[in-house]
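Let me begin by presenting the structure, written as structure tokens, before commenting on it.
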Amino acid sequence: MTDRYAVFGNPIAHSQSPRLHTEFARQCGQDIAYEAILAPLDGFAEAVAAFRRSGGKGINVTVPFKVEALEIADRLSERAQMARAVNTLRFDDDGIFGDNTDGVGLVADIRDRLGVDIDGRRVLLLGAGGAARGVILPLLEAGAAALMIANRTPERAVELIAPYGVRAGLHAGGFGMLAKHEFDLVINATSASLSDQSLPLPQGVFAAGSLAYDMVYGKGTTRFLADAREQGAALLSDGLGMLVAQAAESFRLWRGVMPDIAPVMAMLRGD
Ligand code: NAP
Numbered sequence: 389m390t391d392r393y394a395v396f397g398n399p400i401a402h403s404q405s406p407r408l409h410t411e412f413a414r415q416c417g418q419d420i421a422y423e424a425i426l427a428p429l430d431g432f433a434e435a436v437a438a439f440r441r442s443g444g445k446g447i448n449v450t451v452p453f454k455v456e457a458l459e460i461a462d463r464l465s466e467r468a469q470m471a472r473a474v475n476t477l478r479f480d481d482d483g484i485f486g487d488n489t490d491g492v493g494l495v496a497d498i499r500d501r502l503g504v505d506i507d508g509r510r511v512l513l514l515g516a517g518g519a520a521r522g523v524i525l526p527l528l529e530a531g532a533a534a535l536m537i538a539n540r541t542p543e544r545a546v547e548l549i550a551p552y553g554v555r556a557g558l559h560a561g562g563f564g565m566l567a568k569h570e571f572d573l574v575i576n577a578t579s580a581s582l583s584d585q586s587l588p589l590p591q592g593v594f595a596a597g598s599l600a601y602d603m604v605y606g607k608g609t610t611r612f613l614a615d616a617r618e619q620g621a622a623l624l625s626d627g628l629g630m631l632v633a634q635a636a637e638s639f640r641l642w643r644g645v646m647p648d649i650a651p652v653m654a655m656l657r658g659d
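Quick look at the structure:
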């Protein structure tokens, strides 16, 4: 019998998830159906319960429901717990398991596709919204020697690292704290690129040979990537690989098989 999955969000029409998971299923010979569901802003939990009652096996969750998804999970992975956000739910016989695959998706894209080491590197994460919170633990687990989180509203960045307690190399604040620091890896998790806005990064932030990574995808060379190139970043990447890799990790969580990411990336880029 065909197993049903879905992505829940509001809005949801733009989602690439049905295309990604349908392709993964074809590649891995898995019999699944995957749809996009527009949940009412005040009716996420009921919409998920109805999907589960109708035989659904699991869901992805996107804006603005990632925190509500945390609340309806009976059990959480450590990375979801630390992020205080869930993007994947699996409906098991004994309850709902919640996970957050955004961070492993990012780490896999940087390490495996781009071939850039995170272990021992100085990492700067820009932004403190939903996307940033999911990637902190995976970046630390990947061995980042220093992780600085800078946000336009500094308190939000400080809040994000509170669950980690005092930890050597982990700092948060506003953009002002970046003066005289340089990083091997600069990750833009703000939505500034969506409105073509520059971030106030001081000169010298990009170390020689550094990677500038914008989580935004489908926008070509974003303002952040163009600025980074001008300021000396050696490698540039958008966030398409993260999108595909986080989806692949969700698929693995549900189906127990890991799809091959490369052909799906090529399909999305229209190669
Ligand atoms: P969000 O929760 O709305 O957070 C937005 C963040 O951007 C906040 O930290 C906000 O700062 C900051 N920001 C917005 N405009 C800014 C500006 N002009 N200057 C400086 N900072 C600005 O959004 P999100 O869910 O974290 O998503 C962020 C981006 O990541 C989106 O563009 C999304 O498409 C992308 N994303 C990609 C993937 C992927 O798989 N590739 C996954 C998740 C998200 P304040 O706190 O000061 O408001």
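The numbering used here runs 388 ahead of the 1-based position in the sequence shown.
Backbone N, C-alpha and C fix where the C-beta goes; we use that ideal spot for every residue, glycine too.
Every value quoted in this text rests on a predicted model; they were computed, and no experiment measured them.
Contact test: residue i Cβ vs the ligand NAP heavy atom, cutoff 7 Å
i	result
Arg472	no
Tyr605	yes
Ala401	no
Asp490	yes
Leu561	What sits at residue 561 in the sequence shown is Gly, not Leu. Because no heavy atom of the ligand NAP lies under 7 Å away, the Cβ of Gly561 does not count as near it: no.
Gly592	no
Thr609	no
Ala614	no
Asn539	yes
Ala457	no
Gln469	no
Met701	The chain is shown from 389 up to 659; residue 701 falls before or after that span and cannot be answered.
Arg440	no
Thr578	yes
Gly493	yes
Ala519	yes
Ser583	yes
Ala516	yes
Arg544	yes
Gly446	no
Val451	yes
Met630	yes
Gln404	no
Gln634	yes
Residues sharing a beta bridge with residue i, DSSP
i	result
Ser673	The question about residue 673 has no answer, for the chain in this structure spans 389 to 659.
His559	Met536
Glu676	Given a span of 389 to 659 for the chain in the structure shown, any question on residue 676 remains unanswerable.
Arg478	Gly446 and Phe485
Tyr422	Tyr393
Val574	Leu512 and Ala600
Arg441	The partner list for Arg441 (beta bridge, DSSP) is empty, contrary to what the question assumes.
Phe594	Phe571
Leu464	Gly486
Nonlocal neighbours in the same chain, by C-beta distance under 6 Å from residue i, ignoring five residues either side
i	result
Gly620	Phe594
Glu411	Val652
Arg501	Gly629
Arg643	Gln418
Met646	Arg640
Ala435	Ala427
Ala560	Ile537, Ala545, Val546 and Ile549
Gly444	Arg392
Asp584	Arg611
Residues near residue i in its chain [Cβ-Cβ closer than 8 Å; skip 5 each side]
i	result
Leu464	Leu458, Val474, Phe485, Gly486 and Asp487
Residues of its chain near residue i, where Cβ-Cβ distance is below 7 Å and the 5 sequence neighbours each way are ignored
i	result
Ser598	Phe571, Asp572, Leu573, Val574, Ala621 and Ala622
Pro590	Leu566 and Ala567
Ile460	Ala433, Val436 and Ile484
Ser638	Asn448, Thr476 and Thr489
Report yes or no: do the region 511-521 and the region 569-586 share at least 3 C-beta pairs separated by less than 8 Å?
-> yes
The region 550-564 touching the region 600-618, judged by at least three CB pairs closer than 8 Å = no
For the 8 Å Cβ check, are there 3 or more pairs between the region 493-501 and the region 522-530?
-> yes
Do the region 605-612 and the region 446-456 meet, that is, are 3 or more Cβ pairs less than 8 Å apart?
-> no
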